[in-house]
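Visitor:
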Amino acid sequence: MRRHLIEERPHWRATAETFGFRFADMYGTKYWDESAMIAFTLEEIERHIEDPSGDLHQMCLELADRAAADERLLARLGIPGAHHAYVAASWRNRAQEPSLYGRFDLAYNGTGPAKLLEYNADTPTGLYEAAVFQWLWLEDCVRSGALPPGTDQFNSIQEHLVERLCLMPQTSILHVAGAVDNVEDGGTLSYVADCALQAGFRVKMLAMSDIGLDAQGRFTDLDDLVIDRMFKLHPWEWMFGEAYGEHLAQSDCAMMEPPWKAMLSTKAILPLLWEMFPGHPNLLPAYFEDDPRAQGLRDYARKPLFSREGENVTLVRHGRTETVDGPHGAGRFVVQAATPLFQTRHGHVVIGSWIVGDTPCGIGLREDTSAITMNMSRFIPHIITP
Amino acid sequence: MKRSDFIAIGVVCGAAATALLWHRPNDPGTPAAPEEMVFAGGSSAVDDCVGAGIGRNTCAADYQRALAAHQAQAPVFTSAEGCQVATDSTCEARPAAAGSGVSAGAVFVPVMAGFVLSPLRGQTGSGAYVSTPVYASRTTRGSYRALADLGRDKDDQSSATGGAGGGWSSNGKRPRPATLSPYAPSAGANVKTSSVSRHGFGSSGFGGGG
């Protein structure tokens with residue numbers, strides 16, 4: 001695993017425009033950064049990223065299977081009591097409510113096993129740039145001779161997304177809901193809509209707040225059509241607490257990600273996985289903050305059960321403390337042993353390992369000057385050296 | 001190889017994501033020839049196929065075969081507009097294949113709307129059929145056109161094979177009139193109702209991705 005400097009394609013911004021990549025620059029700074037790339041060996045990808053991602057996914061499913069039958073475990077995962085039955089029923093019905101995707105964030109620096117930092121099981125973003133723009137970049141670089149023939153990439157994400165969507169019941173429109181006006185979430189929503197179209201779905205996009213309710217408690221779109229199946233880029237923990245949360249169980253709406261993913265999209269899985277699989281090479285020691293064993297960790301990250309983009313994360317290493325502010329300071333926290341990330345003088349790299357259905361099928365890398373990856377981090381492409 | 005050798009890319013939130021959809025066509029149009037079955041538009045192609053009494057696995061395989069034909073043989077254009085004029089379909093961007101002579105990285109192809117099952121020539125009634133892609137007409141709502149009828153003459157047949165960039169270009173020829181109409185979609189999905197309230201989601205925050 002090495003970081004290389006590489007020349008930017010002269011036309012990449014035009015290409016981004018053509019392919020609808022509207023957030024290549026975000027918040028006034030470069031987000032897509034092809035001035036550098038990370039090169040892996042095939043062995044690093046297959047043995048240290050792909051296989052462990054598949055194992056971690058299976059471990060998460062085992063945790064979900066236990067939790068669905070154990071109210072106490074659901075409570076520890078942070079599922080509100082009023083929604084236990086809804087979440088558990090969704091797990092039992094998972095053949096009809098399949099998961100589309102998720103992203104493991106892994107620490108890996110080319111030596112030793114990759115370590116799970118967290119699992120974005122419900123509303124992961126960074127999908128389009130990993131699945132599409134990174135793929136286009138490599139095709140361009142090989143075509144122009146900037147990279148040698150035979151250069152590869154761990155990336156069949158879109159192929160798996162379309163295939164997964166293809167196998168889902170398509171009798172109804174797929175409503176794709178979320179913050180459609182937000183540049184990054186809107187990009188992810190549009191991309192999912194595009195994949196669903198390719199899979200044969202009819203698709204309709206709408207803002208989360210535009211969803212309505214009919215007298216029978218069914219969700220409706222702006223044309224007053226009942227929403228039968230919905231992809232939502234809106235976290236379950238938010239939906240549970242919002243006004244329509246009480247109608248979820250009766251709405252007869254198949255959701256993607258399904259409600260059972262709420263059991264996995266919380267940092268509470270970190271201590272619970274460590275409890276179930278103590279010493280597993282791809283896990284870091286982790287405890288709920290009120291567990292006395294948490295005091296034993298000298299270098300650690302303190303994370304809220306629910307937060308995004310590094311918000312409210314505190315990193316303590318060698319007696320020094322780094323904190324990212326955020327709005328999630330109130331709830332419960334977990335404490336996870338710190339681990340080194342891949343680091344160069346340009347910053348720290350976290351590996352986002354994509355699971356589509358049950359298959360690890362690609363990665364996207366984010367580099368940040370801080371050791372806590374935030375929404376200002378840059379996406380850099382990767383290759384597998386021939 | 002650890003990466004896909006092909007991906008199709010709609011212009012995100014552009015033509016492909018808005019023009020294909022919404023409501024079922026009110027006018028089913030001219031009935032298709034009885035030996036041809038078109039699965040497109042009304043609902044999803046695969047589900048329409050299942051609704052016609054064909055097994056889901058068979059339908060999914062038929063869809064995949066049509067998709068493969070689409071990927072290998074759909075006409076390729078250097079501009080979205082040229083593509084739309086020549087094919088009378090909504091078009092989407094696709095990365096130019098290596099060696100296609102297109103430098104900017106993108107070419108345009110019509111969006112596949114579904115597939116048509118046609119009996120093998122001379123074998124009507126035998127149960128043997130082929131699955132090929134169909135494309136929604138922009139000018140005749142609810143009508144579809146087979147791959148073979150997309151704005152070209154029979155003389156161009158030889159240039160149709162050879163994959164993306166294999167000799168297609170916008171030649172100004174108009175496509176044949178669209179005549180295929182879809183198999184009747186299943187009822188009971190997305191029923192029309194009346195909303196009693198709205199805005200019950202979204203109060204927690206804006207932009208929940210991470």
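First to last, the sequence lines map onto chains A and B. FYI, in our numbering the residues of the first sequence are 1 to 386. FYI, in our numbering the residues of the second sequence are 1 to 210. The C-beta atom is built at its ideal place from N, Cα and C for all residues, glycine as well. It should be emphasised that the depicted structure is a prediction, and the values quoted were computed from it without experimental measurement.
At least one CB of chain A closer than 8 Å to the CB of B:S79: is that the case?
Guide: no
Visitor: Select from A:D185, A:P327, A:A268, A:A114 the residue whose C-alpha is nearest the C-alpha of A:F342.
Guide: Nearest of A:D185, A:P327, A:A268, A:A114 to A:F342, Cα basis: A:A114.
Visitor: Residues of chain B with CB closer than 7 Å to the CB of A:V389, please, in chain order.
Guide: No information on residue 389 of chain A is available, as it lies outside the stretch 1 to 386 that chain A covers here.
Visitor: Using CA atoms only, rank isn't needed, just tell me which of A:N182, A:A177, A:D181 is closest to A:V192.
Guide: A:A177
Visitor: I need the DSSP call for A:D33, collapsed to helix, strand or coil.
Guide: coil
Visitor: Can you list, in chain order, the stretches of the alpha helix (DSSP H) that have 4 or more residues and sit fully within the segment 105-159 of chain A?
Guide: 134-144
Visitor: Name the DSSP bridge partner or partners of A:T214?
Guide: Before going further, note that residue 214 of chain A is Asp rather than Thr in the sequence given. In the DSSP output, where bridge partners are listed per residue, A:D214 has B:S195.
Visitor: Any beta-carbon of chain A closer than 8 Å to the one on B:G210?
Guide: yes
Visitor: Once DSSP output is grouped into helix, strand and coil, what is the label at A:Y27?
Guide: coil
Visitor: Using a 10 Å radius around the Cβ and a threshold of 16 neighbouring Cβ atoms, would you call B:A113 buried or exposed?
Guide: Buried, by the Cβ-count rule.
Visitor: Around the C-beta of A:R320, are 16 or more other C-beta atoms found within 10 angstroms, so that it is buried, or is it exposed?
Guide: exposed
Visitor: Cα separation between A:G110 and B:R198?
Guide: Near 50 Å, if we compare the C-alpha coordinates of B:R198 and A:G110.
Visitor: Grab the span of the alpha helix (DSSP H) containing A:E367 for me, first residue to last.
Guide: Not the alpha helix (DSSP H): A:E367 falls in the beta strand (DSSP E), residues 359-368.
Visitor: Comparing C-alpha positions only, which one of A:T359, A:V142, A:M205, A:T29 sits nearest to A:R378?
Guide: Per the C-alpha coordinates, the member of A:T359, A:V142, A:M205, A:T29 positioned closest to A:R378 is A:T29.
Visitor: With DSSP as the reference, label A:M168 as helix, strand or coil.
Guide: coil
Visitor: Assign B:A106 to buried or exposed, taking buried as 16 or more other Cβ atoms, counted over all protein chains shown, within 10 Å of its Cβ.
Guide: buried
Visitor: Where does A:E257 land, buried or exposed, given buried means 16+ other C-beta within 10 angstroms?
Guide: buried
Visitor: Could you list the residues in the segment 283-316 of chain A with a C-beta less than 7 Å from some C-beta on chain B, going in chain order?
Guide: Answer in chain order: R308, E309.
Visitor: Between which two residues does the alpha helix (DSSP H) carrying A:S209 extend?
Guide: Taken as a continuous stretch (DSSP letters only), A:S209 belongs to no alpha helix (DSSP H), as it is neither H nor E.
Visitor: DSSP three-state label for A:H11, please.
Guide: coil
Visitor: Tell me whether the beta-carbon of A:Q153 lies closer than 8 Å to the beta-carbon of A:I351.
Guide: no
Visitor: Take every Cβ of the segment 100-108 of chain A, pair it with every Cβ of the segment 120-129 of chain A, and state whether three or more of those distances are shorter than 8 Å.
Guide: yes
Visitor: Answer yes or no: do B:S204 and A:W135 have a C-beta to C-beta separation smaller than 8 Å?
Guide: The Cβ-Cβ distance between B:S204 and A:W135 does not fall below 8 Å.
Visitor: Which stretch, first to last residue, makes up the alpha helix (DSSP H) that contains A:P271?
Guide: 269-276
Visitor: In the DSSP assignment, find the beta strand (DSSP E) that holds A:V87 and state where it starts and stops.
Guide: No beta strand (DSSP E) contains A:V87, which is instead part of the alpha helix (DSSP H) from 84-92.
Visitor: What's the call for A:L5, buried or exposed, on a 16-neighbour Cβ count within 10 Å?
Guide: By the neighbour-count rule (16 or more Cβ atoms within 10 Å), A:L5 is not buried but exposed.
Visitor: Quick check on DSSP: helix, strand or coil for B:G166?
Guide: Caution is warranted here: a pLDDT of 33 is assigned to B:G166, below 50, making its placement in the model unreliable, and the coordinate value is therefore given only provisionally. Correct three-state label for B:G166: coil.
Visitor: Between the segment 149-165 of chain A and chain B, which residues of the former have a C-beta closer than 7 Å to a C-beta of the latter?
Guide: D152, Q153, F154, N155, S156, Q158, E159
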